[in-house]
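Enquirer: The numbers in the working numbering rise by one with no breaks, and the one at position 131 of the sequence shown is 131.
Cβ coordinates follow ideal geometry from the N, Cα and C atoms, glycine included.
Please read these numbers as outputs of a predicted model, since none were measured by experiment.
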Amino acid sequence: MKRVWTAIMIALSAPYAMAGETGQKVPQVIAEPAAPMIGPITVQFQESVPITLRESVAGVSVGSSYVANVAVHDSHTILITGRSYGTTSLHVIDGDGNVVVDTVIQVVDMSPSRVTVNRGGSDYSMHCAPNCRPAPNVGDEKEYFSDTVQQAQSISR
Numbered sequence: 001m002k003r004v005w006t007a008i009m010i011a012l013s014a015p016y017a018m019a020g021e022t023g024q025k026v027p028q029v030i031a032e033p034a035a036p037m038i039g040p041i042t043v044q045f046q047e048s049v050p051i052t053l054r055e056s057v058a059g060v061s062v063g064s065s066y067v068a069n070v071a072v073h074d075s076h077t078i079l080i081t082g083r084s085y086g087t088t089s090l091h092v093i094d095g096d097g098n099v100v101v102d103t104v105i106q107v108v109d110m111s112p113s114r115v116t117v118n119r120g121g122s123d124y125s126m127h128c129a130p131n132c133r134p135a136p137n138v139g140d141e142k143e144y145f146s147d148t149v150q151q152a153q154s155i156s157r
C-alpha cells in the first residue's frame with residue numbers, strides 16, 4: 001500500500017519541482033520541440049540550388065562536405081551544391097543558437113543527357129546533348145577520369 005501512495009504523490013507533483021530550502025513550487029523546464037523538417041532536399045550532382053528561409057541564418061553545419069557543400073549567401077538564403085552521390089545531414093542555426101532546420105540533403109543524378117558506358121568492367125561517363133563528350137564522374141575508370149580532368153584543368157589555366 002505504501003508503494004501505491006508513493007506513486008500517487010509522485011504523479012500529482014510531476015508538473016512541479018521543489019525549489020531548494022524555500023519549498024516553493026517551480027514549473028519544470030519543458031524541452032523545446034525539435035527543429036522543423038523541411039526536406040529531404042534533393043540536389044542534382046554538380047549543380048547548386050538556393051534555399052530561402054524565413055528565419056535568419058547565423059551558421060550552417062553539413063554532415064559530409066564530400067557529399068554536399070553549403071554556403072550562406074545572405075541572412076535568409078543558403079546555397080547547396082551537390083558534390084558526390086549520397087546523403088548527408090544539414091543543420092541551420094539562427095542568431096540565438098537555435099537549430100531552425102534539421103534535414104537531409106540527397107545528391108542524385110537525374111540528368112537525361114548523362115550516359116555511362118561500361119567497357120571491360122569499367123565505367124566511362126559521358127554527357128550527350130546532342131553529341132557525346134567525356135564527363136568524368138565519381139566511380140569512372142581511374143585513368144579516363146584523371147586524364148579528362150587534367151585536360152579540363154589545363155584549358156582553364
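#1: Checking 7 angstroms against the spacing of the C-beta atoms, do residue 106 and residue 52 come in under that value?
#2: Using 8 angstroms for Cβ pairs, my map puts residue 108 next to residue 85. What's the rounded Cβ distance?
#3: Could you check whether residue 61 and residue 88 sit closer than 7 angstroms to each other, using their CB atoms as the reference points?
#4: Taking the Cβ atom as the reference point for each residue, do residue 68 and residue 82 lie within a distance shorter than 7 angstroms?
#5: If you draw a straight line from the alpha carbon of residue 50 to that of residue 143, how long is it in whole angstroms?
#6: Compare the C-alpha of residue 54 against each of 77, 45, 72 and name the closest.
#7: Contact defined as beta carbons within less than 8 angstroms: I believe residue 126 pairs with residue 115. What is the distance between those atoms, to the nearest angstrom?
#8: The alpha helix (DSSP H) spanning residue 150 covers which residue range?
#9: If you follow the beta strand (DSSP E) that residue 115 is in, where does it begin and where does it stop?
#10: Using three-state DSSP, classify residue 131 as helix, strand or coil.
#11: If the criterion is Cβ atoms closer than 7 angstroms, does the pair residue 117 and residue 136 meet it?
#12: Does DSSP put residue 104 in a helix, in a strand, or in coil?
#13: Counting only the same chain and skipping the five closest in sequence on each side, list residues whose C-beta sits under 6 angstroms from that of residue 94.
#14: Taking the alpha-carbon positions, what's the residue 129 to residue 96 distance?
#15: Using the Cα positions of residue 72 and residue 92, report the straight-line distance between them to the nearest angstrom.
#16: Would you grab the beta carbon distance between residue 44 and residue 111 for me? Rounded to a whole angstrom, and I think it's under 8 angstroms.
Expert: Checking against the coordinates, here is how it stands:
#1: Contact: no.
#2: That pair is a contact at about 7 angstroms.
#3: The Cβ-Cβ distance between residue 88 and residue 61 does not fall below 7 angstroms.
#4: The Cβ atoms of residue 68 and residue 82 lie closer than 7 angstroms to each other.
#5: Cα to Cα, the separation comes out at about 34 angstroms.
#6: Nearest neighbour of residue 54 by Cα position, chosen from 77, 45, 72, turns out to be 77.
#7: The C-beta separation of residue 126 from residue 115 comes to about 5 angstroms, placing the pair in contact by the 8 angstroms criterion.
#8: Annotation for residue 150: the continuous alpha helix (DSSP H) segment containing it runs 142-155.
#9: Residue range 114-119 is occupied by the beta strand (DSSP E) that includes residue 115.
#10: For residue 131, the secondary structure class from DSSP, reduced to helix, strand or coil, is coil.
#11: It is not a contact, given that the beta carbons lie outside the stated cut-off.
#12: In the three-state scheme derived from DSSP, where H, G and I count as helix and E and B as strand, residue 104 is classed as strand.
#13: The answer, listed in chain order, is 55, 56, 58, 100.
#14: About 48 angstroms.
#15: So the alpha carbons of these two residues sit roughly 10 angstroms apart.
#16: Right, the Cβ-Cβ distance comes to about 7 angstroms (below 8 angstroms), so this counts as a contact.
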